[in-house]
Amino acid sequence: MSQGRRGKINYRCPNCLFRDIDFDLLYDRQIDQYYCRRCNWEGTEHEILFLYAVYKRKYKHMLKRYTVDDILAKDED
Amino acid sequence: MFEERQVLVDKFILNVIHRPELIPEYIDNGACEGQTEQVGNAGVVNESLDIFRLQQEIAHKNGLRTTIQMTYSSLYNDECIELVKQYHNEYGDEVGHTFLGMNCKEFREKYKSKELAIWLFPMDMKKRIVADSFERFKEVFGYYPTSTGSYFMDAELLNHIKERYPMVKAAVATCFEEGPKVFRHTNFSWYTLMDGSPWTAWIPSKKNTHAIAEDEDDDIGVVAVPHLSRDLLAIMDNSGDMFGTHPQNIIRGMMYENDRLPYMYNLVDQYQVMKKYNKGFSYNLVYVGPGWMGKDGRWEADYRILKKSYEDFLAYYGKLKKQGKVEDMTITEFADWFRKNQPRSGPICGLWKDIIYGTKNQVFWYADSKFRVQIDLKQGGAITDLRPYASKLSRPCGAGTKANQDVSYPYIVHSRYRAGAFTHYAGEGAIKSCKVRYGSEEVDISSCRSTGIYSEGNRCRILGVRPVEIEFKKLTIKLATTYTFKENSGEIVISRKIIESSEPAAKVEVDEFLTSCWGTNEYPEDLTGCLLSVIGKNGSRNELSYEYRCREYSVENAECVEAVIPQVQTKVSLTPISEGCKGYYEEGYSFAPIFKIGISKKIGLNQELVTCLRVEGAK
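Read top to bottom, the protein sequences are chains A and B. Letter 73 of the first sequence, counting from 1, is numbered 73 in our numbering, and no numbers are missing. Take the position in the second sequence, starting the count at 1, then add 77; the result is the number in our numbering.
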């Protein structure tokens, strides 16, 4: 087994992210795999990005713009 | 004491602070990966200075003045000192002081310590560092700073600074709700355990920085601000370090797509709305350390987006400034303005709406010299976090103290740390709510989602909870709730009124209760010795010293029910204003480590139960 290093991009463990812990992944370049030292998650860059997209789904209005008027209008909802 | 100083204004004030940290922790880690630690690595220092220059350039380009808070390391860097003098002369930026960024070669050689948090040093070292860095500042600039700051500044430290350097007027004194949730978020390694402060500018008590000062005698002498302006709803159940006026924190929380971060503008706009609840005043602080704009990027975000987000963010404030919607000040100018225009003891309020999760959820926050209260409208308007500032709890921190890192102001209700409305299998969690009973059925109104309506009365702030419908098998009622905060009295008058009923003759029992405990985090603290009392209208008094024995007592015609929590020097009571109410206490047990006090009464259509919740100090 080879030494884990930081990958080209310093990804956080998606599994830890889901439980509100920021924990850096390590990268095993021999087998092109990322893995977490804290939990048991391991996977590819593709899997990381997929899980990040899933993580963002909780922010349903992430791309919605609320202006002052929009926020004031919520008072009357 | 209530003050008449709070007048109507129309001010949204912005402070932008930059700090030439020189050895920011994040960049240092990145630069040194795979190497042993090298404090003062020239590459890191140069990169950090470049970022500082860039941040200043972005602010000035958008017409914004800044406060430059000099770190210990920057006070020993000639290039940085010259640069800062130029900014001061050319743009009128304030040159202030900070205890962040202390670590550098000079500091380590002098103090033989790797400690990085001023509030965690032993008191003798805090005093040495204050004198050392303030005198060094004077040597470099020819005058003492009028502002300082850190992630947290305890009352003992602020009192000492004010005594030695009375010209200090402003301090970045805490990070709002940067406590156990952030500790977890940082893999239990970022020791900013400091829940419990106000979320916007305040004048701290001499006894505890978190608590708002009672009066002139209790005034610590500085205007305090939280490190960032945060989302008052998102931080309730999430790590606060992702939801603030700090674009790179928002990126950390992944509330963005490509380079689009509308949330950061939404946050600013909601802070503009906060003027509505604070007689025309609102405040934002932007305080991004250089470590968040390193060339190596930050986690999965690259330098381009880190930089662009900061450019876009300050450009938005620049645009608002041109429109006359925000006024940029240096932090000392702000402190002077605050002293002249805001009351020493609050209150401060905020009815905050969800702007990220796509719900209609709202939360109401209130703070004055007696308490900080969080009302979750999604939980029928239950009080879900209560910090008893009335006790002005002296709680020294740092090495050599009992609290050490745990610098939060203790709660007496915290529904997320301590279960609240939902427990597994047994007992009850900490919450201030209300139960309605009809026959053998019972509904806790924390299960009824609602929203709030804000208004003001004579020396009081009022939160109306939009009426909720409660369905029993053979009866449906509509219940209206009103909270009236009597400013700086420690009292909240709570009204529950039935405004509609499917059976006009039917009566329901309304049980106004408080399940309480104390603590600073998720774990139970010792309740032994808490004193629970039920006082009858006839003068009878039944008292119980808490021993986890599940004992209960009630009286049919109650004058008052109360609990003294000696561990936090606090007394909390419920007094019926309505006549003919039952009062009770319940002790709790080790698997349900809370106590409960309550007032109940049977009421029908157009009738109400009115009680007064009072929080006071109990030395």
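Built from N, CA and C at the ideal position, the CB exists for glycine as well.
- The C-beta of PRO243(B) has fewer than 16 other C-beta atoms within 10 Å across all chains shown, which makes the residue exposed.
- Burial of CYS511(B) is indicated by the presence of at least 16 other C-beta atoms within 10 angstroms of its C-beta.
- The beta-carbon of GLU546(B) is placed no less than 8 Å from the nearest beta-carbon of chain A.
- Using a Cβ-Cβ cut-off of 8 Å, ASP20(A) is close to LYS258, ARG261, HIS262, ASN315, SER316 of chain B, given in chain order.
- Look at GLY140(B) here: in three-state DSSP terms it is coil, with no helix or strand label.
- Proximity of chain A to TRP369(B) at the Cβ level (cut-off 9 Å) is not reached, the minimal Cβ distance being about 14 Å.
- Interface flag for MET1(A) against chain B is unset, since no Cβ pair is found closer than 8 Å.
- The C-beta of ARG37(A) comes no closer than 8 Å to any C-beta of chain B.
- Membership of ASN418(B) in the alpha helix (DSSP H) is indicated by the continuous run 408-418.
- Ranked by Cα distance from GLU404(B), the first of VAL86(B), ILE90(B), ASN139(B) is ILE90(B).
- For ILE71(A), the closest Cβ of chain B is nearer than 8 Å.
- In this structure, DSSP gives GLN132(B) a helical state, which the three-state scheme calls helix.
- ASN361(B) has LEU91(B) as its beta-bridge partners, per DSSP.
- Contacts between MET331(B) and chain A, judged by CB atoms closer than 7 Å, involve TYR52, TYR55, LYS56 in chain order.
- Residue nearest to ASP69(A) within the set VAL121(B), LYS189(B), ASN343(B) is ASN343(B) (criterion: CA-CA distance).
- Within chain B, no C-beta atom comes nearer than 8 Å to that of LYS8(A); the closest sits roughly 10 Å away.
- Chain A has a Cβ within less than 8 Å of the Cβ of ASP346(B).
- In the pairwise beta carbon analysis, the stretch 387-395 of chain B is classified as touching the stretch 133-144 of chain B: at least three pairs are separated by under 8 Å.
- GLN132(B) and ASN326(B) have their C-alpha atoms some 16 Å from each other.
- The residue among GLU192(B), TYR443(B), GLN349(B), GLY330(B) with its C-alpha nearest the C-alpha of SER359(B) is GLN349(B).
- Selection ASN361(B), MET179(B), GLU216(B) evaluated against PHE198(B) yields MET179(B) as nearest (Cα-Cα).
- SER386(B) and GLN347(B) have their alpha carbons spaced roughly 19 Å apart.
- The secondary-structure analysis by DSSP pairs HIS174(B) across a beta bridge with MET147(B).
- Cβ neighbours of ARG307(B) within its own chain (closer than 8 Å, five residues either side excluded): PHE253, GLU254, TRP276, GLY317, PHE320, GLY321, THR322.
- Secondary structure note for ARG691(B): its beta strand (DSSP E) is the uninterrupted segment 685-694.
- Using a Cβ-Cβ cut-off of 9 Å, TRP376(B) is close to ILE9, ASN10, TYR11, ARG12, ASP22, ASP24 of chain A, given in chain order.
- In the three-state reduction of the DSSP assignment, ASP201(B) falls in the helix class, which pools H, G and I.
- Where VAL68(A) is concerned, the enclosing alpha helix (DSSP H) starts and stops at 68-73.
- In chain order, HIS61, LYS64, ARG65, TYR66, THR67, ASP70, ILE71 make up the part of chain A whose C-beta sits under 9 Å from the C-beta of ASN343(B).
- When DSSP states are grouped into helix, strand and coil, GLU254(B) belongs to the coil group.
- Residue environment: LYS284(B) is assigned as buried (16 or more neighbouring CB atoms within 10 Å of its CB, all protein chains considered).
- At a cut-off of 8 Å between C-beta atoms, TYR340(B) counts as an interface residue with respect to chain A.
- Beta-bridge partners assigned by DSSP to ILE642(B): THR647(B).
- Secondary structure of CYS511(B) (DSSP, three-state): strand.
- Cα atoms of VAL365(B) and HIS95(B): separation of roughly 7 Å, rounded to the nearest angstrom.
- ARG337(B) has a beta carbon lying within less than 8 Å of a beta carbon in chain A.
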